[in-house]
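Here's the structure we're looking at; comments come further down.
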Amino acid sequence: MADSGEGDAVGGTVIVADDNEKVTDLYAGYLDPQYEVRRAYGGEETLERADGSVDVVLLDRRMPDLSGDDVLDELREREYSLQVVMVTALEPTMDIVDMPFDDYVVKPATEEELHEVVERQIVRATYDTRLNEYLRLTSKLDVLREEKSEEELEESDRFEMLTVLARSLYDDIQEMLDEHDLDADEPEGLIEPP
């Protein structure tokens, strides 16, 4: 039967989904207690365990009741803001180009590999959220700068607050990029100081 991991999880919620119970339990054991781990022993059970509180799904591609590819499609249709990592014995082929997963690990996966991929996906999700908020704020700043006079902007506490918030998010994003060596993923000129 499936299990919601107990313990002192601190890093987020992860679903480990594989029809091979030994593999599911092994991978779940690697990640618990750092993460809240939910075990799923098939595709249907994965969909039952998934909800808006899940951060990462480690998903096998070959499951008899519902394939990992189908589970992936259904998770994306539900529009959960979770990261999906395919963890499978299938060597990647060109068909993965059109698949909406976030990372791919070929089995057998080590404890270190699983911890690295889960951490990377949680960081990326946090980065995406902050980056989107930053882009929303800078869009507002740009419009106000175009439409309002310098004098109006200087007199506006709300504009100043928006500028401070955007700058704080910018600094957070830069710090996160530096801390996790993700700057290679940043498109040239995507973010600039507000």
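For the sequence shown, position 13 matches number 13 in my numbering, and the numbering has no gaps at all.
Heads up, the beta-carbon is just placed ideally off N, CA and C, and yes, glycines get one too.
Remember, predicted model here, so these are calculated numbers, not experimental data.
Backbone secondary structure at residue i - three-state DSSP
i: T138; result: helix
i: Q83; result: strand
i: D178; result: helix
i: T163; result: helix
i: D103; result: strand
i: T110; result: coil
i: T88; result: strand
i: M63; result: coil
i: P194; result: coil
i: S156; result: coil
Unbroken beta strand (DSSP E) run spanning residue i, endpoints
i: T13; result: T13 to A17
i: A40; result: E36 to A40
Local Cβ density within 10 Å of residue i, reported as buried at 16 or more and exposed below that
i: D142; result: exposed
i: R78; result: exposed
i: M161; result: exposed
i: D55; result: buried
i: E155; result: exposed
i: G52; result: exposed
Residue span of the alpha helix (DSSP H) that contains residue i, given as start and end
i: V54; result: Note, V54: premise wrong, no alpha helix (DSSP H); not H, not E.
i: L72; result: G68 to E77
i: K148; result: That residue, K148, is in no alpha helix (DSSP H); it is neither H nor E in DSSP.
i: V23; result: E21 to L31
i: T93; result: Looking at the DSSP string, T93 is not in any alpha helix (DSSP H), and its letter there is neither H nor E.
Does the stretch 128-139 come into contact with the stretch 163-173, if we say contact requires no fewer than three beta-carbon pairs (one atom in each stretch) closer than 8 Å? yes
For the stretch 8-26 and the stretch 112-131, state whether three or more C-beta atom pairs, one from each stretch, are separated by less than 8 Å. yes
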